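In terms of the working numbering, the sequence shown opens at residue 12 and continues consecutively. Built from N, CA and C at the ideal position, the CB exists for glycine as well. For clarity, every value in this text was computed on a predicted model and none was experimentally measured. Data block below; observations after.
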Amino acid sequence: MLVLARQRDQTVIIGDDIEVTVVDVRGDKVRLGINAPKHVSVHRKEVYEAIRKENRDASRIRPDDVPQVGGPPAQSQQQPMMRIHRPDEPARPPVSAAPSPEVVAAHRQFMRAAIDEARKGLAEGGLPIGSVLVRNGLVVGRGHNRRVQKGSAILHAETDALENAGRQRTYRDTVLYSTLMPCFLCSGAAVQFGVPKVVVGESVNFHGAPDFMRKQGIEVIDLHDEECIRIMGDFIREHPELWNEDIGK
Numbered sequence: 012m013l014v015l016a017r018q019r020d021q022t023v024i025i026g027d028d029i030e031v032t033v034v035d036v037r038g039d040k041v042r043l044g045i046n047a048p049k050h051v052s053v054h055r056k057e058v059y060e061a062i063r064k065e066n067r068d069a070s071r072i073r074p075d076d077v078p079q080v081g082g083p084p085a086q087s088q089q090q091p092m093m094r095i096h097r098p099d100e101p102a103r104p105p106v107s108a109a110p111s112p113e114v115v116a117a118h119r120q121f122m123r124a125a126i127d128e129a130r131k132g133l134a135e136g137g138l139p140i141g142s143v144l145v146r147n148g149l150v151v152g153r154g155h156n157r158r159v160q161k162g163s164a165i166l167h168a169e170t171d172a173l174e175n176a177g178r179q180r181t182y183r184d185t186v187l188y189s190t191l192m193p194c195f196l197c198s199g200a201a202v203q204f205g206v207p208k209v210v211v212g213e214s215v216n217f218h219g220a221p222d223f224m225r226k227q228g229i230e231v232i233d234l235h236d237e238e239c240i241r242i243m244g245d246f247i248r249e250h251p252e253l254w255n256e257d258i259g260k
């Protein structure tokens, strides 16, 4: 291990194209800004370990857990997928794999609306995260992260969309779209109001709380959208201090 003493605004170069800069020093906490090529994934260690764990868990899925893993489905593809549960296992939605082109196409219109909201937030000087709430194919609420714009502690994209939707008799017939995997704050809002499905653009830049939502019965679909990944990744590299503030780091 190479140990270096660095002061604020000083930089360390790793290889030829990775720069690590000391952005801020507060007591025993040091904030780092990292500039790296787009093909290099940059995560906090705890996030990286969580991703590795989720991948390991997914690799242990047995054929009797998901019938399709063991071979061709007995029913036509139009039939809903059934998951076999062991007697000692509580019921929960299946882990979302890479979506099919049909799934991506089905959700593209509303993810496009969420991306438009994200770009509004970026144009306003805030974080590029957007969200829409949809019922029966119609957008009933839209919003974007406005913590910077409003000086708010909790005005994330999802909570902004829920707020702008106004009072609803029920949320059990809605779908919440977000360009980024929701954090525990926004995941908790979805759980509290009984939103049954959350569709996200990506979870590469932020792992969020998908396991928490799934354990509460919410279906989580990750579209792995390249545009969402690029927009958020660029912002984190260019504004690490705002991103760390947003996620409480």
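Test item: CB-CB of residue i and residue j under 7 angstroms
{"i": "residue 131", "j": "residue 155", "result": "yes"}
{"i": "residue 234", "j": "residue 115", "result": "yes"}
{"i": "residue 142", "j": "residue 125", "result": "yes"}
{"i": "residue 224", "j": "residue 231", "result": "yes"}
{"i": "residue 138", "j": "residue 257", "result": "yes"}
{"i": "residue 202", "j": "residue 187", "result": "no"}
{"i": "residue 240", "j": "residue 213", "result": "yes"}
{"i": "residue 182", "j": "residue 159", "result": "no"}
Close Cβ partners of residue i (< 8 angstroms) along its chain, the five nearest in sequence each way excluded
{"i": "residue 147", "result": "184"}
{"i": "residue 251", "result": "34, 42, 43, 44, 45"}
{"i": "residue 242", "result": "126, 129, 130, 133, 139, 190"}
{"i": "residue 122", "result": "188, 190, 210, 212, 234, 236, 239"}
Rounded C-alpha distance that separates residue i from residue j
{"i": "residue 249", "j": "residue 46", "result": "8 angstroms"}
{"i": "residue 228", "j": "residue 204", "result": "12 angstroms"}
{"i": "residue 220", "j": "residue 157", "result": "20 angstroms"}
{"i": "residue 92", "j": "residue 35", "result": "Because residue 92 sits at a pLDDT of 37, beneath the cut-off of 50, its placement in the model cannot be relied upon, and the following sentence gives the value as read from the coordinates. If you take the alpha carbons of residue 92 and residue 35, they lie about 49 angstroms apart."}
{"i": "residue 17", "j": "residue 48", "result": "23 angstroms"}
{"i": "residue 77", "j": "residue 119", "result": "With a pLDDT of only 45 at residue 77, under the threshold of 50, the placement of this residue in the model should not be trusted; the figure read from the coordinates follows. Approximately 26 angstroms, taken between the alpha carbons."}
{"i": "residue 222", "j": "residue 13", "result": "36 angstroms"}
{"i": "residue 15", "j": "residue 56", "result": "19 angstroms"}
{"i": "residue 236", "j": "residue 195", "result": "21 angstroms"}
{"i": "residue 262", "j": "residue 140", "result": "With the chain covering only 12 through 260, there is no way to say anything about residue 262."}
{"i": "residue 40", "j": "residue 197", "result": "26 angstroms"}
{"i": "residue 153", "j": "residue 26", "result": "43 angstroms"}
{"i": "residue 149", "j": "residue 180", "result": "16 angstroms"}
Beta-carbon contacts of residue i that lie in its chain and below 7 angstroms, excluding the five residues immediately before and after
{"i": "residue 200", "result": "169, 170, 173"}
{"i": "residue 22", "result": "30, 31, 32"}
Cβ-based neighbour list, residue i, same chain, cut-off 6 angstroms, excluding 5 preceding and 5 following
{"i": "residue 151", "result": "144, 176"}
{"i": "residue 211", "result": "189, 192, 233"}
{"i": "residue 110", "result": "234"}
For residue i, the residue or residues it bridges with in DSSP
{"i": "residue 40", "result": "37"}
{"i": "residue 149", "result": "146"}
{"i": "residue 187", "result": "144, 209"}
{"i": "residue 29", "result": "25"}
{"i": "residue 155", "result": "141"}
{"i": "residue 46", "result": "30"}
Self-check item: Whole runs of the beta strand (DSSP E) within the segment 189-235, excluding any shorter than 3 residues
Solution: Whole beta strand (DSSP E) segments, 3+ residues: 208-211, 230-233.
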